[in-house]
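Before any comments, here is the structure.
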Ligand code: SF4
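Numbering (my numbering), first residue to last: 74 to 353.
Following this line, the structure appears as structure tokens:
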């Protein structure tokens, strides 16, 4: 019997970002020689915020900023054990200071808001919400935060705010809504919380929603991505992402898909090429 394959929302997003990078990461499993510092920083902020909400939910107490910062510091220390590539304007200690300011802003902005679930996983077979057709595509993901009143929240750290158009197209929120609709039969409220890494950090809340038609579009997009992966359509998608791509060197050697030989994997070192101006 053919094994059922469940893809994660992260994999869907990775494929849409660059199909060849998806192949390097998820199929060839080529070790990444470094990580952009912005990704590691975002993970540490996420870990601290997750702990903050879980503590409120499970223990019933609201931690103060100093406690949350300790979680960040521990995670940030661990993130820095692997090679990180910093942009010219950033450093390990500078980002630690930035995190203190950002997390203070975040925690002070949580008054009157109660979490009902934190890091809520979902796994389901996708169906088209407009027609009810089962798509034979299995998807899993994790919703960052659910607040009272069925508000599904995604948290992002970013250098700049988001436009209305991009909020309406935000795939992670669309997929949260799709999963919720298929599991509960109604469309939830959605919100993107953006913790901005600006000179003076600020927290922006962007409420939004989706129509059933939007969810149908999202379901079909995910289905098509899964079919493209199954058909092994892996090609480069050159974009701003290349400047921070961990597989830049592998990509330069690409001439139509060819599995990398083991000797190649061990001989490719961090060149820094294409990495210099990693994300702000
Ligand atoms: S360098 Fe750019 S095109 Fe090449 S794999 Fe990375 S993201 Fe894709």
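Beta carbons are placed, not taken as given, at the ideal position from N, Cα and C, and that holds for glycine.
Residue i, enclosing beta strand (DSSP E) - first and last residue
{"i": "residue 214", "result": "207-220"}
{"i": "residue 264", "result": "262-269"}
{"i": "residue 195", "result": "188-200"}
Same chain only: Cβ atoms within 8 angstroms of residue i, ignoring 5 sequence neighbours per side
{"i": "residue 256", "result": "195 and 197"}
Residue i, buried or exposed, once every other Cβ within 10 Å from all chains shown has been counted against 16
{"i": "residue 78", "result": "exposed"}
{"i": "residue 143", "result": "exposed"}
{"i": "residue 207", "result": "exposed"}
{"i": "residue 149", "result": "buried"}
{"i": "residue 108", "result": "buried"}
{"i": "residue 336", "result": "The pLDDT assigned to residue 336 is 47, lower than 50, so where the model puts this residue is not dependable; a value taken from the coordinates is nonetheless given after this. Flag for residue 336 reads exposed."}
{"i": "residue 217", "result": "buried"}
Inter-residue spacing [alpha-carbon to alpha-carbon] between residue i and residue j
{"i": "residue 270", "j": "residue 320", "result": "26 angstroms"}
{"i": "residue 136", "j": "residue 181", "result": "11 angstroms"}
{"i": "residue 240", "j": "residue 249", "result": "13 angstroms"}
{"i": "residue 290", "j": "residue 188", "result": "29 angstroms"}
{"i": "residue 161", "j": "residue 168", "result": "12 angstroms"}
{"i": "residue 230", "j": "residue 326", "result": "33 angstroms"}
{"i": "residue 251", "j": "residue 113", "result": "28 angstroms"}
{"i": "residue 307", "j": "residue 139", "result": "46 angstroms"}
{"i": "residue 193", "j": "residue 226", "result": "11 angstroms"}
{"i": "residue 176", "j": "residue 141", "result": "8 angstroms"}
{"i": "residue 237", "j": "residue 92", "result": "27 angstroms"}
Span of the alpha helix (DSSP H) around residue i
{"i": "residue 165", "result": "165-181"}
{"i": "residue 89", "result": "82-90"}
{"i": "residue 150", "result": "138-152"}
{"i": "residue 302", "result": "285-303"}
{"i": "residue 250", "result": "244-257"}
Neighbourhood of residue i by C-beta, 7 angstroms cutoff - its chain only, sequence neighbours within 5 removed
{"i": "residue 278", "result": "264 and 266"}
{"i": "residue 191", "result": "123, 126, 127, 130 and 218"}
{"i": "residue 97", "result": "103, 320 and 323"}
Residues near residue i in its chain [Cβ-Cβ closer than 6 angstroms; skip 5 each side]
{"i": "residue 120", "result": "148"}
Only counting runs of 4 or more residues, tell me where the alpha helix (DSSP H) segments fall wholly within the region 111-136, in order along the chain.
none
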